[in-house]
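In our numbering, the protein residues as written are -12 to 801.
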C-alpha cells in the first residue's frame, strides 16, 4: 500500500536509561545512541567528543614504510615528484593536501589531474608519457591507481616509480607499483578500511611527519580532508568521524584561505556549518569544475596563498556550478523521456540508459537522481563515436561493482565500489549489458528489495519536541553514512494547509496539526501535493530542524516521506471505498449456542502494540479508521502482511489482516494472538472467539470507547431504504452495460459507499445485475440482467436479511 517501507529502530515509548543520567542527555538522545550500538559511557563520550588523539598509527598500513622511504629518498636526491589525482572532490582534495604538505617542507612538486571530458577516470597511458617527458621520477597517485595494472607497468618500463594511494575496491590483480597503500587490500593490518582517498593521503602525510610536529601541522589539512570525507560518502565512524567532527569545528574559523572564500560564496553561516552544508553546497561547486573539465581550479583554490586569487577562483567555481546545473537539468529530462518512451523500463530492475552527446562529468549526478526517484540501480552512458562511457549508481543490497565484474567481458574499463562505479565500453555492447545486468538483478533482487527502506529512530512524542532537543541533535553530528541524520515519525497529524513553493514551485510546504501546528518542508516533493487535501490525517517521516528567518526562530520538519493515515472524507477516497467492495454479512453464519453475554467487550490503547504483533498474529478491523490504523502499525514492523476481506484467502507465514471478517469461518487455532483494532459487531462474535480459542489464544482489544462511534456509524448507514434501491436501479437500468466512476455514482445518489455496495450486493443476490470494479480506472462495471417477469421482493435477498440480522445483533449487544 505504500511506496516506501518505514522501519523503526526502536518501537515503543522512550525510556530513561542510566546512560542518559551519566551523560546528562535527554532520553531521546540516549535512545539514538543505543540505536547506533553505543551503550557505555566511554563509547558515548568518544562518539560525542571524538578526539584527534585517537587517530591510528599510519604504519599499520601495508607498504606505508616503503612509501615513506621512497619519498624521503626522492627529497634527499632532489628528484621530480608528481601527484596524480582525480577530478572529483576526493581526488582534488587528495591532490591538494599532498601539495600543501610538500610546500610546507619547502620541496617543489607538480600535480596532474586528467581532464574528465577528454581522458576519463584514473591513470592513463598518454598521461604517463607526458609525465616522462616532464622528467618525472616518482609518481604518487591519490584516490586512483588500484586498477591501473597496464599503466603502472608502462611507468615501470619508462623508469618512473609509482606509489599508489587509493581506497577503491581491489580487483584480482594489483598493479606492480613500488608501494601500494590501500587499506582494502589483503594482508593489510590497518584496522579501518573505510577511509576516503584523501583520508589515505592524510595518513601518508602523518607517516611522513614526526609525531609531535603532526599534532599541530595536521590542522593545515584537516578541513580539506573533512570536505573529501563527507562528499565521498564513506561511513562516518571511527577515524572518519574523528576527522569530520574536528574538521567542521575548524571550518568555523577557516584556516584554509580558499575554502574560507568558497564558504562565503555558498552563503553559509560558519557558526552553524554542518555536514549537510559541506555535502550539498561546498562539494558540488568543487565537483562542478571537474565535471566540466576544470579540475585544477579546486587544487589552485585550496593551495593559494593569495586572498584575491581565492576570491576570484571561488567566484569562477560558482559560475561553473551554475553551468553544471543547467546541463544536468537538460540531461535529466532527456533521460526521463527515454524511460517514458520504452515500456520495458517499467519491468527492468536496473535502468541502463544511453544517449549521444551527454556530458561526461554530469552523468553521475543524473544517475544518482534517477536511482533516488525510481529506487532502481542505474547505469547512464554517453555515446561518442564507437565508445560509451558513463557512471553507475545502486541501491542497498545490490553491489554494482560486483555486477560489473560479472559483465567484465563486455567492458573496456571500469572501477568503483558497491554503490557507485564508472565504466567504458563498446557502444555495440550496451543492449547486451542491459540484458545481462537485469538477469543478475532478477536473480538477486526480490520485489521487496525494490522498495526503499527508510530507517527511523522511533516514533517521536510531541511533548519532546523543542529547541533543546534540536541543540542536542547537533552533538551527534557529523551525520552521514553509518551515522545518518536522525529521522522520526509522528502519526495522525491533520493537514491545515498545503503550498507549493520555490521558483519552479517544485517544493512542498505543509502546516500540520496535532497538539500544536508544525511547519513541514519537503524539497522536490511538490508532486505529492495532489495526493492530499486539507483535513486529511497523515503520518510523516522527517528530520527535526529549525528555521531562522528575519529573527523569527521556529521548529521545522524536513519532510522525507508522507502517507495517508486517514482521509478527511472516506466517501471521496477511492481506497476507502474499495474496502467495502466485498463487504457483506455472512449469510451462512449460525447463532452460537451457550453464548456468554458477560464478556467484557471494552478495550484500551494504553499498550505498546508492537509488543504483541508477531508472525502468528491475526489482525481484525471492522472500520476504515481501524483498518488504516492497523496497516500503519503493521507497516512499521519487520513482518510482511496480507490484506483479506471477509475470509482468509490463502494460508502462509505472513501476518493476516482481515477486514469485516466472517469470524466463524476462520481457523482461529492457527494464531497465537488475535488483535482487534475495532469493536466486533455483536457479543455473539466475542463469545465465539473466546469459546473457539478456549483461552489458548490471547485476544487483545486495541481500541477504546471513542472507537465505538465508527462501528455505530456503519450499522446506522448499512441498511438501504426502498427509495434508495429504486434510485440506483433507475440510474443504471437504462443501459445494458454500464461503466461509471465509483465516486460519480456515489455523488449522484448521495449515499455512503458502504450502503452503495450493500445495494449492489443485494441486486447481485437477486440476479438483477452483476458488477465488478476495474481497479486501474476506478470504474464500476455493471451488467443489467433481463427484467424479471414478476415483481421482486427485496426482503427475499439473503444479503439484505443478513444485514438486518447484523443490525439487530448489534443493537442487542450495545
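Every residue gets a Cβ at the ideal spot worked out from N, C-alpha and C, and that includes glycine.
**Asked** Going by C-alpha distance, which of 592, 637, 88 and 597 is nearest residue 185?
**Response** Considering only alpha carbons, the answer is 88.
**Message:** Between which residues of its own chain and residue 247 is the CB-CB distance below 6 angstroms, once the five residues before and five after are set aside?
**Reply:** Same-chain partners within the cutoff: 241.
**Nearest-angstrom beta carbon gap, residue 47 and residue 178 [assumed within contact, 8 angstroms]** = 7 angstroms
**Run of the alpha helix (DSSP H) containing residue 418, from where it starts to where it stops** = Secondary structure note for residue 418: its alpha helix (DSSP H) is the uninterrupted segment 417 to 431.
**Integer-rounded CB distance, given that residue 68 should sit under 8 angstroms from residue 19** = With 8 angstroms as the limit, residue 19 and residue 68 do not qualify as a contact, their Cβ atoms being about 46 angstroms apart.
**Neighbour-count burial assignment, residue 772, 16 or more Cβ in a 10 Å radius** = The residue is exposed, with fewer than 16 neighbouring Cβ atoms inside 10 Å.
**Prompt:** Do the CB positions of residue 59 and residue 191 come within less than 9 angstroms of each other?
**Reply:** no
**Message:** Give me, in chain order, the residues of the same chain whose beta-carbon lies closer than 6 angstroms to that of residue 685; leave out the 5 immediate sequence neighbours on both sides.
**Reply:** 660
**Asked** Looking at C-beta atoms only, is the number of pairs between the segment 203 to 220 and the segment 162 to 171 that lie closer than 8 angstroms three or more?
**Response** no
**Asked** Hey, out of 666, 56, 459 and 511, whose CA is closest to residue 698's CA?
**Response** 666
**Asked** Should residue 77 be labelled buried (16 or more other beta-carbon atoms within 10 Å of its own) or exposed?
**Response** buried
**Prompt:** residue 365 by DSSP, collapsed to three states: which one?
**Reply:** Secondary structure of residue 365 (DSSP, three-state): strand.
**Item:** 8 angstroms contact criterion, which residue 549 and residue 452 should meet: CB distance rounded
**Value:** About 17 angstroms separates the two Cβ atoms, so there is no contact after all.
**Message:** Can you look up residue 19 in the DSSP assignment and give me helix, strand or coil?
**Reply:** Residue state, collapsed to three classes: helix.
**Prompt:** What three-state label does DSSP hand residue 553 in the structure shown?
**Reply:** Three-state DSSP puts residue 553 in a strand.
**Asked** If you count every other CB in all the chains shown that lies within 10 Å of the CB of residue 49, and 16 or more means buried, which is it?
**Response** buried
**Prompt:** What is the residue span of the beta strand (DSSP E) that residue 605 lies within?
**Reply:** 604 to 608
**Which listed residue (299, 343 and 274) has its alpha carbon closest to that of residue 312** = Among 299, 343 and 274, the Cα nearest to that of residue 312 belongs to 274.
**Request:** Could you check the C-alpha separation between residue 855 and residue 384 for me, to the nearest Å?
**Result:** The first residue shown for the chain is -12 and the last is 801, placing residue 855 beyond what the model contains.
**Short Cβ contact (9 angstroms threshold) for residue 753 with residue 784** = yes
**Prompt:** For residue 448, which residues from the same chain have a beta carbon less than 8 angstroms from its beta carbon, with the 5 sequence-adjacent residues on both sides left out?
**Reply:** 0 and 1
**Message:** On the DSSP letters alone, give me the boundaries of the beta strand (DSSP E) that residue 757 sits inside.
**Reply:** 756 to 761
**Prompt:** Measuring CA to CA, which of 616, 444 and 572 is closest to residue 794?
**Reply:** 572
**Request:** Locate the beta strand (DSSP E) running through residue 412, then write down its first and last residues.
**Result:** 407 to 413
**Request:** Look at the Cβ atom of residue 500, then the Cβ atom of residue 517, and state whether they are nearer than 9 angstroms.
**Result:** no
**Message:** So if DSSP puts residue 533 in a beta bridge, which residue, or which two residues, is it bridged to?
**Reply:** 542
**Prompt:** For the 8 angstroms Cβ check, are there 3 or more pairs between the segment 196 to 210 and the segment 96 to 106?
**Reply:** No, the segment 196 to 210 does not touch the segment 96 to 106.
**Whole-number beta carbon distance between residue 476 and residue 528, since they are thought to touch under 8 angstroms** = 5 angstroms
**Message:** For residue 24, tell me which candidate among -3, 11 and 258 has the shortest Cα-Cα distance.
**Reply:** -3
**Message:** Do residue 84 and residue 208 have their beta-carbon atoms positioned less than 9 angstroms apart in this structure?
**Reply:** yes
**Asked** Which whole runs of the beta strand (DSSP E) in the segment 71 to 156 are 3 residues long or more, in chain order?
**Response** Correct list: 97 to 99, 125 to 129 and 148 to 152.
**Prompt:** Along the chain, where does the beta strand (DSSP E) that runs through residue 474 open and close?
**Reply:** Neither: residue 474 is in no beta strand (DSSP E) and is coded neither H nor E.
**Beta-carbon proximity check, residue 690 vs residue 663, cutoff 9 angstroms** = yes
**Prompt:** With a Cβ-Cβ cutoff of 9 angstroms, do residue 493 and residue 507 count as a contact?
**Reply:** no
**Message:** Does residue 518 come out as helix, strand or coil in the three-state DSSP assignment?
**Reply:** DSSP places residue 518 in helix when its eight states are reduced to three.
**Asked** Nearest-angstrom Cα distance between residue 424 and residue 306?
**Response** 38 angstroms
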